[in-house]
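Report on the structure given below.
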Amino acid sequence: MFYELIHTFEWIFYGFVDFGGELEGSPLRALAQLELRRLRLSLILKRFNPSQPRVPAGNPGGGRWTDGGDGEGSSRIEFVSNRPRQGGGTRVIRGRAYETTPAQEVRLDVSAARARALVQEVQRHDPNWRPTPIIYEGVEGAILANEAAAMQAAARLRELRRPEPVRGPMEEILMPNGQHVGTRYRSADDTTRTVTSSEFNSLLETLTPASQIVQSPSGYRGLWYRRPDGSIFGVRRSEENGITIDVIQNNHPILRSGYKVHQQ
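If you're matching positions, the sequence shown starts at 634 in the working numbering and goes up one per residue.
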C-alpha cells in the first residue's frame, strides 16, 4: 500500500505526468512533494523495529542494528547502488535481482552517492557517528534506506552547525585544473568522457549534495538536478553506455549542454 501511494506521488513530483507543461511551481506539485515526504517518512517509521537484532557488545559496531545475518560484515554501513547487474535494467539487492526503470536506477545511484557524501562529511567532524540502518527490501526499499541515511546525516550536520559539502562550479568537478576527467573513447570528442565506476561514484558524491530535482523532458531516461549555483545536470541510463551524467545547463565555454560522462 505504501509503495503504491509513493509511486503515485512520485509520478506527479518528478514530472512524468502530462499537465500541459504547468507542473513546475504549481500548487499540485508542492502538495505532491509534501505528501511524498510524509509517505516516505511513514514507511521508514513503519519499518523501524526495536526488536531488530543488534551486533553483540565487544564486536566492531557493537550495539548497532543488523539484518540478522551471520554477523560476517553485517555491521558495515552499506549504501545500495552499483551492485552486480544481470543485464540492462536489473539490480541485485541483498542477493536478489530486481527489474528497474531508468528513473529507479538513477534514484538508486544518486541517493547512495548523496548518503555517502553526507555521512563522510559528518564523520570529518564526528568520526564515531554512524546512521541508524533500517530494514528494507527491493529497489524502492533500498532507495528509502539511502535517503534515510542521508536525512540522518543532514540532521547531524545541522546539529554540528555545518553545511552540506557543496563544491564550486561544475567545471571544477568535471574539468579539475582545466583537464577533462576520464578518457576519450574511439571517435568521441573531448566533450564525451568515460570514467571508471569508482570515479563515476566520486563525481556523483560531489555533484549531488544540496541538488534538487527539476522537471526533465518526458523522453529523458533519467532525472535532472539543479545545483545551488543554478547549473543543471542530468543522470540517465544510456542503452549503449550505461549510467551517464549529462551537463544540461552551465555557464562555461566548454563545459556546457551536450557534455557527458559515461561510466565504464
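We treat Cβ as the ideally placed atom computed from N, Cα and C, and that holds for glycine.
Because the structure is a prediction, the values reported are computed rather than measured.
Item                                                                                                                                                                  : Value
Can you grab the Cα-Cα spacing for the pair Val828 / Ser835, in whole Å?                                                                                              : 10 Å
Suppose only complete runs of 4+ residues qualify. What are the alpha helix (DSSP H) ranges in the region 768-829, listed by chain order?                             : 771-792, 803-807
Look at Arg757 and Thr841 and say whether their C-beta atoms are less than 8 Å apart.                                                                                 : no
Can you tell me where the alpha helix (DSSP H) holding Glu873 begins and where it ends?                                                                               : From DSSP, Glu873 is part of no alpha helix (DSSP H); its letter is neither H nor E.
Please say whether Val755 and Arg789 have beta carbons closer to each other than 8 Å?                                                                                 : yes
Within its chain, find whatever has a CB closer than 6 Å to the CB of Gly875; leave out the 5 residues flanking it on each side and keep chain order.                 : Gln896
So Ala730 is in the beta strand (DSSP E); what residue range does that whole segment cover?                                                                           : 729-732
What is the rounded straight-line gap between the Cα of Arg729 and the Cα of Val814?                                                                                  : 34 Å
Output the boundary residues of the alpha helix (DSSP H) element that contains Arg899.                                                                                : A question about residue 899 goes unanswered here, because the residues of the chain that appear run from 634 up to 897.
Across which residues does DSSP place Tyr858 in a beta bridge pair?                                                                                                   : Ile846, Phe866
Near Asp862, what residues of its chain come up, given a Cβ to Cβ distance below 7 Å and the 5 sequence neighbours on each side ignored?                              : Pro802
Hey, out of Glu873, Glu872, Lys893, whose CA is closest to Gln882's CA?                                                                                               : Lys893
Which term fits Gln812, buried or exposed, when burial requires 16 or more other beta carbons within 10 angstroms of its beta carbon?                                 : exposed
With a threshold of 8 Å on Cβ separation, who are the neighbours of Glu804 within its own chain once the five nearest residues in sequence on each side are excluded? : Asn883, His885, Ile887, Leu888
Would you decide whether Pro764 is buried or exposed? Buried here means 16 or more other CB atoms lie within 10 Å of its CB.                                          : buried
If you draw a straight line from the alpha carbon of Glu771 to that of Leu856, how long is it in whole angstroms?                                                     : Looking at the sequence shown, residue 771 is not Glu but Gly. Their Cα atoms are separated by approximately 20 Å.
Measuring CA to CA, which of Ala736, Pro766, Arg826, Val799 is closest to Glu838?                                                                                     : Val799
Specify, as a first and last residue, the run of the beta strand (DSSP E) that Ile726 falls within.                                                                   : 723-726
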